[in-house]
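Numbering (the numbering used here), first residue to last: 2 to 262. Following: one structure in structure tokens, then a few remarks.
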Amino acid sequence: MTDSNKNIKEPRITLVGAGPGDADLITIKAIKALKTADVVLYDALVNEELLDYAPQNSTKVYVGKRSGDHAFSQEAINNLMVDYAKNYGHVVRLKGGDPFVFGRGYEELIIAAKHNIAASVIPGISSSIAVPELQQIPVTHRGLSESFWVVTGTTANGKVSNDLVDASRSNATVVVLMGIHKLAEITEIFKLQGKNKLPVAVIQSGSTAEEKIAVATVDTIVNAVEESDISSPAIIVLGEVVSLHPKFQLIQEVYDVVARG
């Protein structure tokens, strides 16, 4: 065996969830994976502090995709992932939130399998639960919500998901990811169900220093978001559980005063 062959590492890929944004909200297992990475391919919503866990001589490649700014297509990311694994060894694919919650993680597993590259998954804390939780909004709460939906706000064809119509008919908490630019359309879906007064929270950059929140009702949330200058990345939480947030308590007090006349 030649020296060059000795230096070739076994190709492998680890899909790692980086959590909602706060670098401290990554798992110990994820940190262990990063410490053995030869290459890290990381997304736009990943806190770059996490790259410090990777070896200093490892290759770090930004492959970010976010609303209005797709640095790399999914096909390009797939090709990079495979090429780096075959030529460098261990590739950590670092993805915001959890790889399997609208993270296209399973698609990347399929690509690895097609190229006979060993692959594994390390779950991450999903923003769909963690971001409301950090604002003290539970996605379920006895007497208010027995279940919750996590729905994409924008499908691959750029339309609002049809699942939102079904979700709007339920009494469940509805968490919408990637939907801030469709907020007006989403609220119209809930208005058609007579849920104009349903509490809503929109949270930008949850768990980070840039976090902002607007709390209102279906009728007023669009204006509240504009007034708070909230933009992407943000999640939308619709449901009675939002009424537990202190800001909504203030709104409720105003409603009560108006109702008493």
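Using N, Cα and C, we set each Cβ at its ideal position, and we do this for glycine too. Keep in mind the model is a prediction, meaning the values are calculated, not measured.
Grab the span of the beta strand (DSSP E) containing Ser128 for me, first residue to last. By 1-based counting over the sequence shown, the position of residue 128 is 127. Where Ser128 is concerned, there is no enclosing beta strand (DSSP E), although the alpha helix (DSSP H) it sits in stretches over 128 to 135.
Give me, in chain order, the residues of the same chain whose beta-carbon lies closer than 8 Å to that of Thr141; leave out the 5 immediate sequence neighbours on both sides. On the sequence shown, residue 141 is found 140 positions in, with the first residue counted as 1. So the qualifying residues of the chain are Glu147, Ser148, Phe149, Thr174, Val242.
Backbone CA spacing between Leu145 and Ile181 [nearest angstrom]: Here residue 145 corresponds to residue number 144 of the sequence shown, with the count starting at 1. Here residue 181 corresponds to residue number 180 of the sequence shown, with the count starting at 1. Leu145 and Ile181 have their C-alpha atoms roughly 25 Å apart.
Please list, in chain order, all residues of the same chain as Lys61 whose beta carbon is under 6 Å from its beta carbon, the five residues on each side excluded. If you number the sequence shown from 1, residue 61 lands on position 60. Counting only Cβ-Cβ distances below 6 Å, and skipping sequence neighbours, we find Val41, Leu52.
Do the segment 32 to 47 and the segment 80 to 90 meet, that is, are 3 or more Cβ pairs less than 8 Å apart? yes
Bridge partners of Lys61, per DSSP? Taking the sequence shown and counting its residues from 1, one reaches residue 61 at position 60. Per DSSP, Val41.
Element boundaries [beta strand (DSSP E), containing Lys96]: Working through the sequence shown from its first residue, we reach residue 96 at position 95. That run of the beta strand (DSSP E) goes 91 to 96.
Look at the alpha carbon of Ile29 and the alpha carbon of Gly159, and state the distance between them as a whole number of angstroms. One-based indexing of the sequence shown puts residue 29 at position 28. One-based indexing of the sequence shown puts residue 159 at position 158. Using only the alpha carbons, I get a separation of about 36 Å.
Which first and last residues belong to the beta strand (DSSP E) in which Ile14 is found? Numbered from its first residue, the sequence shown carries residue 14 at position 13. Residues 13 to 18.
Under the assumption that Tyr54 contacts Leu35 (Cβ atoms under 8 Å), give the Cβ distance between them as a whole number of angstroms. Stepping through the sequence shown from its first residue, residue 54 is reached at position 53. Stepping through the sequence shown from its first residue, residue 35 is reached at position 34. Indeed, because the Cβ distance is near 4 Å, the residues count as touching under 8 Å.
Val226 and Val203 closer than 7 Å at C-beta: For the purposes of this step, residue 226 is taken as residue 225 along the sequence shown, with counting starting at 1. For the purposes of this step, residue 203 is taken as residue 202 along the sequence shown, with counting starting at 1. Yes.
Can you give me the Cβ contacts of Val151 inside the same chain, cut-off strictly under 6 Å, excluding the 5 residues immediately before and after it? Locating residue 151 in the sequence shown gives position 150, where the first residue counts as 1. Ser129, Val176, listed in sequence order.
With distances taken from CA atoms, which of Lys198, Ile187, Ala235 is nearest Ala1? Nothing about residue 1 can be reported from this structure: the residues present for the chain run from 2 to 262 only.
In whole angstroms, what is the alpha-carbon distance linking Tyr107 and Asn80? Along the sequence shown, one-based indexing puts residue 107 at 106. Along the sequence shown, one-based indexing puts residue 80 at 79. Taking the straight line from one Cα to the other gives about 15 Å.
As a quick exercise: from Ser233, Val223, Thr218, pick the residue whose alpha carbon is nearest that of Leu251. Here residue 251 refers to the residue found at position 250 of the sequence shown. Per the Cα distances, Thr218.
Close-in-space but distant-in-sequence residues of the same chain around Ser169 (CB under 6 Å, 5 per side omitted): Translated into the one-based positions of the sequence shown, residue 169 becomes position 168. Once the five neighbours on either side are set aside, the close Cβ partners of Ser169 are Ile190, Phe191, Gln194.
In three-state DSSP terms, what is Thr188? Locating residue 188 in the sequence shown gives position 187, where the first residue counts as 1. Three-state result, Thr188: helix.
Taking only the alpha-carbon atoms, compute the straight-line gap between Ala114 and Ala120 and give it to the nearest angstrom. Reading the sequence shown from its first residue, position 113 is the one you call residue 114. Reading the sequence shown from its first residue, position 119 is the one you call residue 120. C-alpha separation (whole angstroms): 8 Å.
Closer than 6 Å by C-beta to Glu212: which residues in its own chain qualify, once you throw out the five before and the five after it? Chain order, please. The count along the sequence shown starts at 1 and reaches residue 212 at position 211. Hits under 6 Å: Ser206.
Rounded to the nearest angstrom, what separates Ile237 and Val17 at their Cα positions? In the sequence shown, the residue the question calls residue 237 occupies position 236. In the sequence shown, the residue the question calls residue 17 occupies position 16. Straight-line Cα distance between these residues: approximately 24 Å.
Quick one: residues in its chain with C-beta nearer than 6 Å to the C-beta of Ala260, no 5 flanking neighbours on either side, listed in chain order? Position 259 of the sequence shown, counted from the start, is the residue given in the question as residue 260. For Ala260, the predicted structure reports a pLDDT of 47, less than 50, and the residue's modelled location is therefore unreliable. The matter cannot be settled from this model.
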